[in-house]
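Colleague: The working numbering puts the first residue of the sequence shown at 367, with every later residue one more than the last.
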Amino acid sequence: MGCGKTREILPMLFLYFTRTGCSQIVRAHFLSPLLSEAQQFMHRYLLASSACLGIYEQPFHRQVDLNAQRLEFIRDTLQDLKLFGGIQMVAPEHRMSLELKRLELGDDGPIVKILDEILDSDQFVDVLDECDTLLHHKYHLVYAVGTPIHYVAGWSDGKLQKLSYELWRINLWGPAYLKCSKLPVSRVLHRTI
367 MGCGKTREIL
377 PMLFLYFTRT
387 GCSQIVRAHF
397 LSPLLSEAQQ
407 FMHRYLLASS
417 ACLGIYEQPF
427 HRQVDLNAQR
437 LEFIRDTLQD
447 LKLFGGIQMV
457 APEHRMSLEL
467 KRLELGDDGP
477 IVKILDEILD
487 SDQFVDVLDE
497 CDTLLHHKYH
507 LVYAVGTPIH
517 YVAGWSDGKL
527 QKLSYELWRI
537 NLWGPAYLKC
547 SKLPVSRVLH
557 RTI
């Protein structure tokens, strides 16, 4: 903390990747609470300066109704960033929401091809601010797609909750918990393996 990563090192990385002929778009990932402040800082020192580096913030949530016009605007903006240099600033939930929207659309429809072009990860160089936090599992979405099915072998919610709780306790207290536990965890575990 306080080593100047966001205000000094990241702008240098942005300038390096955009000025050295890199054919990829620099995509900067910021935590949501820091995104606005980082965008203002980058705007002040990279766009409104002699560097004149384009900055594009891409907020998104799944409730947005996508149409061809909106997607073409995003695609054209990304093309401009690629041609003239610039950075795309996103929060993890904005990027993942757009990816999940793609899963919701399925494989048919005219806008799917445009959305696939936008989501092509080969066109980006990802730069992470606060990478230790951004890479933590709580910033990744778990999203079910498809038709729900019943539990294997007819497991009820109660048994699964009990098993989850017991596994959590074993993880918390270690193998010593198995010796003092009054619940038949070993029998439950043998049935699941």
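We put the beta carbon where it would ideally sit given N, CA and C, even for glycine.
(1) Spell out the partners DSSP gives E532 in its beta bridges.
(2) If I484 and A394 are in contact, beta carbons under 8 Å, what's the gap, nearest whole angstrom?
(3) According to DSSP, is L432 part of a helix, a strand, or is it coil?
(4) Roughly how many angstroms lie between the CA atoms of K479 and L437, to the nearest whole one?
(5) Taking only three categories from DSSP, how would you classify L401?
(6) For F439, count the other beta carbons within 10 Å of its own beta carbon; 16 or more makes it buried, fewer makes it exposed. Which is it?
(7) Taking the C-alpha atoms as reference points, what is the distance between K525 and I536?
(8) With burial defined as no fewer than 16 other Cβ atoms inside 10 Å of the residue's Cβ, what is the status of S463: buried or exposed?
(9) Would you tell me roughly how many angstroms separate the C-alpha atoms of I559 and K528, rounded to the nearest one?
(10) Which residue from E532, D498, P377 puts its Cα closest to that of L412?
(11) Any idea what DSSP makes of G472, helix, strand or coil?
(12) Considering only residues of the same chain and omitting the five flanking positions on each side of Q390, which have a CB-CB separation below 7 Å?
(13) Would you grab the beta carbon distance between G420 and L447 for me? Rounded to a whole angstrom, and I think it's under 8 Å.
(14) Report the partner residues of A394 according to the DSSP bridge assignment.
(15) Quick one, which of T384, G475, P476, E465 has its alpha-carbon nearest A417's?
(16) So, helix, strand or coil for G387, using DSSP?
(17) Report the rounded CA-to-CA distance for T513 versus R468, giving the unit in angstroms.
(18) Let me check understanding here. Comparing Cα to Cα, which of H502, H503, L481, D498 lies closest to N433?
Modeller: A quick look at the data gives this:
(1) The residue labelled residue 532 in the question sits at position 166 within the sequence shown. DSSP, once it has assigned bridges, lists no residue as partnering E532.
(2) Position 118 of the sequence shown, counting from 1, holds the residue named residue 484. Position 28 of the sequence shown, counting from 1, holds the residue named residue 394. Not a contact, Cβ separation roughly 17 Å.
(3) For the purposes of this step, residue 432 is identified with residue 66 of the sequence shown, where counting begins at 1. Judged by DSSP in its simplified three-state form, L432 adopts coil rather than helix or strand.
(4) Position 113 of the sequence shown, counting from 1, holds the residue named residue 479. Position 71 of the sequence shown, counting from 1, holds the residue named residue 437. About 10 Å.
(5) Here the question's residue 401 lines up with position 35 in the sequence shown. It is helical.
(6) As a position in the sequence shown, residue 439 is number 73, starting the count at 1. Answer is exposed; the Cβ neighbour count stays below 16.
(7) Against the sequence shown, residue 525 aligns to sequence position 159. Against the sequence shown, residue 536 aligns to sequence position 170. Their Cα atoms are separated by approximately 16 Å.
(8) In the sequence shown, residue 463 corresponds to position 97, counting from 1. So S463 ends up on the buried side.
(9) Stepping through the sequence shown from its first residue, residue 559 is reached at position 193. Stepping through the sequence shown from its first residue, residue 528 is reached at position 162. With a pLDDT of only 41 at I559, under 50, the local geometry of the prediction cannot be trusted, and the value read off the model is given with reservation. Looking at the two C-alpha atoms, the distance is approximately 16 Å.
(10) Position 46 of the sequence shown, counted from the start, is the residue given in the question as residue 412. Taking L412 as reference, the option from E532, D498, P377 with the minimal CA-CA separation is P377.
(11) Reading the sequence shown from its first residue, position 106 is the one you call residue 472. If DSSP states are grouped into helix, strand and coil, G472 belongs with coil.
(12) Stepping through the sequence shown from its first residue, residue 390 is reached at position 24. Closer than 7 Å at the Cβ level, and outside the excluded window around Q390, lie Q489, F490, V491.
(13) Here the question's residue 420 lines up with position 54 in the sequence shown. Here the question's residue 447 lines up with position 81 in the sequence shown. Distance from G420 to L447 at the Cβ level is roughly 6 Å; contact confirmed, criterion being Cβ atoms closer than 8 Å.
(14) As a working note, residue 394 is residue 28 in the sequence shown. The bridge partners DSSP lists for A394 are M455, V493.
(15) Position 51 of the sequence shown, counted from the start, is the residue given in the question as residue 417. If we check each option's Cα against that of A417, T384 comes out closest.
(16) Walking along the sequence shown from the start, residue 387 turns up at place 21. In this structure, G387 counts as coil in the three-state DSSP scheme.
(17) Taking the first residue of the sequence shown as 1, we reach residue 513 at position 147. Taking the first residue of the sequence shown as 1, we reach residue 468 at position 102. Between T513 and R468, the C-alpha separation is close to 17 Å.
(18) In the sequence shown, residue 433 corresponds to position 67, counting from 1. For the residues H502, H503, L481, D498, the minimum Cα distance to N433 belongs to L481.
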